[in-house]
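One structure is given here, and the rest of the page talks about it.
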Amino acid sequence: MLTTDGTWVQLDTDPLKPFEELDDWDKGTHAAGYHRWSIFGCKDENPLWLEIYRHRANPEPDGPLFMVVVTNSDYYEVVYAESLPALMDMQSRWAPAIQAGAVTDLLGRLDDTQTKHGFAGLVRSALT
């Protein structure tokens, strides 16, 4: 799927499909012309985050400029954004879900008696 101006369209072909035989995510994304650009949310610390890759082509590539991997600890889905404004729109739409997941996860860890360090431990120490 590709987002353009807040609407979604189905791509004719997945830009990563020709590189599936590499059987390695990093090699496949690199071969397709994408490099890691940013992460929205704390990877592996939050229940949901976005890994953002930008195409290296200059000027604009023939395909999508950005690849976004919507990820949780068990699954991922890949979507694309054709431009920086489309990517920013996508991020603003996902921000509430990412923030809610992070806060819910943090609140759930406050009851964990095993946690003695970090923010949860500090809050627990201040309350007791």
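According to the numbering used here, the residues represented by the sequence shown are -9 to 118, in order. Here a beta-carbon is modelled for each residue, glycine too, at the ideal position from N, C-alpha and C.
Taking a 10 Å sphere around the C-beta of residue 45, we find 16 or more other C-beta atoms and assign the residue as buried.
The count of Cβ pairs closer than 8 Å, one atom from the segment 33 to 42 and one from the segment 7 to 22, stays below three, leaving the stretches out of contact. The Cβ neighbour count for residue 41, taken over all protein chains shown within 10 Å, is at least 16; the residue is labelled buried. A direct Cα-to-Cα measurement between residue 73 and residue 54 gives close to 7 Å. A Cβ-Cβ contact shorter than 9 Å links residue -7 with residue 76.
Taking C-alpha positions only, residue 92 is separated from residue 49 by approximately 37 Å. By the 16-neighbour rule on beta-carbons within 10 angstroms, residue -1 is exposed.
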